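Protein chains in written order, with the working numbering: chain A, 23 to 602; chain B, 71 to 303. First the structure, in the form of structure tokens, and then the observations on it.
Spelled out as structure tokens, the structure:
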């Protein structure tokens, strides 16, 4: 190490300003929170399948606890798992390495971002231990229920939940500023806008969407906090306020938020698909512009969450049009991803399996959204398990599949070791198959009219039939199987970290710049920062002997209008990696 | 498909069922095509000895059309879905047919109060009949409901009617339904409303006019002012 002094443990791991360390801090905090969120779902799914059971490791589930468990499961999985892992962890780990710079532009703001995020997580966890426990008014926190302790029975849990969410937003605003500025200003020489790897674009567009949408909600959260603690009446009809105001502010943020977490995963999947199909991405610019279109449209669809909430029924007609229109760019993205496979030379290693399964499963989430966007059908489906199954078919691919795709792909770069492909496949199939067996029964239950956030269906005669209980049991048992297979990943992780075998610099023969750094990259990433000569997806170019063309290898750019086709310029190097 | 699980007990239930089935088959075709092509490509273009991947940028016109044609088709089918959705929506939520009878629906933590018109057939009079968690209706009569909430948001949901409407404190929301079957089914609260959200089951009882009037004769009227005042306290 060329640094003048050895860094202490505290400097290196706790108060580090290195983007890789901060990325890992975000990742491990996110995983830790996901374990809590996963435990919550285990508890309440047990209650749903076997009402009144004393859940092993938890005990009996009261209605108060049930509400808190579902609320915090949703809150944690979106705000404390999907966002920190997909945006903050992968953004921090990948953006500087993929665009060829030594660190984030504002390393100290970056550190502050993580510290505020950690504080928000601590506040949220603390709220589970105050009298009456954590907030239980759903992750959407609709007032008046959320605004008044007399209604929600969590006088401390509700404000703490709100403060934690607001702090989390502050952390991501700071992080987002960093991602945007770094991508705009710190790219390697030669890396023009269309040569940026898609995943970096996606994380930055997600950060822009977040910054543009979160403002109204922060204002809304402050008003809600005042209603809770000072007795103001922003959302209190009796005091001249309007409970619906919160719903507009929340969903004006809440819908773009879906794309905030979707885009990083789409980016991860695009990069992995290009590498393992040895293909140039089909229509780089098409992807980029489709994402811009999706991002813009996502700001004018929010009221489809409120069709039956008491808004003017005429307004629904406008939002049904914008909502259905968003299917056009999203469908286009799916087509482009599928087209990328055409003519490829596909290797099904673990990261590629995750990437492909993302497409397979996300398609189910995408098409089932159409039923809910169609206002007429939503009258029936609103707040049923059909909605629950639909958004889990989007969020599970986004958060869980996207995370595993990314971590298995960049693991050699991040940790300098190669994960076992065999264990990776066991973990993959053990996650994907039960995942479908959790949510397909829930689609059926939703179609049969089962409504959400209900502690015990025995009180509803039409929903208490043995057939429906069988479906609930299938979902719960599948969840237990899916959770148990996560230990395969933990085992793989620990076993790999303990092994002595080091990963090569570029195990997947990938083009992008991060693979030219050491594995793991040292503080500062490269001794000499790389230069970029061409786009990130030049695989199997006809003028090359080798099937890839690293971005940093000096030479012509085939996308250049002056580029002349000629004999192969490379030395005919072929990888010896048996995985490819 | 919904009708496999639930009867169609209102005039508009079939509209939602048909809309659902229509969208289902439309997207089933797209979904199977997309997944089929995806799996076929995975199989056809798996790594094989001696086969090199192709170099396709996807920027040329003859390649782009493989994306743009399906994308215009998506837009084309979207128009049908939008039209169907708005048609059904208009019928259930936007238009308000003249009622023959009106019922009051009052939601609160954690019970439903249903106020039925008495023998005079007019709500808000002295022979109103107040019932907790029981809604009594006459088959083939067009009803208006006047939905109110006394505390937090609730949602008035009758799955057999395919009807759902949130209740908002401070507002009275008027909607309609016309039952077409006799029988007894669940009423749900579909919006989380606190600890007792899962303990707010109501039942709708739909009877013929004759049976309903017999039931009516056995009830003790609650004067309208009292019906509303009692729940407000």
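Glycine included, each C-beta is placed from N, C-alpha and C at the ideal position. Quantities reported herein were computed from a predicted structural model and do not represent experimental measurements.
Contact with chain B by residue i, beta-carbon distance below 8 angstroms
| i | result |
| --- | --- |
| residue 103/A | no |
| residue 599/A | No answer about residue 599/A holds up, because its pLDDT of 47 lies below 50 and its placement is not dependable. |
| residue 34/A | no |
| residue 583/A | no |
| residue 95/A | no |
| residue 339/A | yes |
| residue 484/A | yes |
| residue 230/A | no |
| residue 18/A | Nothing can be reported for residue 18/A: it is not among the residues displayed for chain A, which extend from 23 to 602. |
| residue 366/A | yes |
| residue 270/A | no |
| residue 276/A | no |
Neighbourhood of residue i by C-beta, 7 angstroms cutoff - its chain only, sequence neighbours within 5 removed
| i | result |
| --- | --- |
| residue 596/A | Because the pLDDT of residue 596/A is 47, which lies under 50, any placement of that residue in the model is unreliable, and the question is left without a value. |
| residue 317/A | 227, 231 and 281 |
| residue 117/A | 201, 204, 205, 222 and 225 |
| residue 59/A | 95, 98, 99 and 103 |
| residue 197/B | 188, 189, 190 and 291 |
| residue 2/A | Summary: the structure shown does not reach residue 2/A, with chain A confined to residues 23 through 602, and so no result is reported for it. |
| residue 207/A | 127 |
| residue 135/B | none |
| residue 85/B | 158 and 161 |
Segment limits, beta strand (DSSP E) that includes residue i
| i | result |
| --- | --- |
| residue 216/B | 213–219 |
| residue 198/A | Not the beta strand (DSSP E): residue 198/A falls in the alpha helix (DSSP H), residues 179–207. |
| residue 186/B | 181–186 |
| residue 255/B | 253–259 |
| residue 236/B | 233–237 |
| residue 244/A | Taken as a continuous stretch (DSSP letters only), residue 244/A belongs to no beta strand (DSSP E), being part of the alpha helix (DSSP H) at 220–251. |
| residue 171/B | 171–178 |
| residue 243/B | 243–247 |
| residue 224/B | 224–228 |
Residue-level contact to chain A via CB, residue i, 8 angstroms cutoff
| i | result |
| --- | --- |
| residue 78/B | no |
| residue 125/B | yes |
| residue 108/B | yes |
| residue 155/B | yes |
| residue 242/B | no |
| residue 269/B | yes |
| residue 266/B | yes |
| residue 253/B | no |
| residue 104/B | yes |
| residue 233/B | yes |
| residue 222/B | yes |
| residue 260/B | yes |
| residue 278/B | no |
| residue 246/B | no |
Cβ neighbours of residue i in the same chain (closer than 8 angstroms, five flanking residues each side left out)
| i | result |
| --- | --- |
| residue 521/A | 439 |
| residue 599/A | At residue 599/A, the pLDDT of 47 sits below 50, so the modelled position is not reliable; the number obtained from the coordinates is stated separately. Hits under 8 angstroms: 526, 529, 530 and 531. |
| residue 46/A | 111, 115 and 436 |
| residue 94/B | 71 |
| residue 462/A | 411 |
Residues bridged to residue i (per DSSP)
| i | result |
| --- | --- |
| residue 206/B | 275/B |
| residue 116/B | 368/A |
| residue 272/A | Answer is none; residue 272/A lacks a bridge partner. |
| residue 199/B | 186/B |
Sequence-distant residues of its chain with Cβ nearer than 6 angstroms to residue i (five each side left out)
| i | result |
| --- | --- |
| residue 375/A | 450 |
| residue 342/A | 397 |
| residue 70/A | 494 |
| residue 73/A | 478 and 480 |
| residue 177/A | 171 |
| residue 255/B | 230 and 274 |
| residue 37/A | none |
| residue 420/A | 283, 284 and 287 |
Span of the alpha helix (DSSP H) around residue i
| i | result |
| --- | --- |
| residue 52/A | 41–71 |
| residue 131/B | 131–159 |
| residue 515/A | 488–520 |
| residue 166/A | No alpha helix (DSSP H) contains residue 166/A, which DSSP labels as neither H nor E. |
| residue 137/A | 129–149 |
### Minimum length 4: unbroken alpha helix (DSSP H) runs contained in the region 281–338 of chain A
306–319
### Message
Counting only Cβ-Cβ distances shorter than 8 angstroms, please list the residues of the region 115–145 of chain B near chain D, keeping chain order.
### Response
You won't find chain D in this structure, because its protein chains are A and B.
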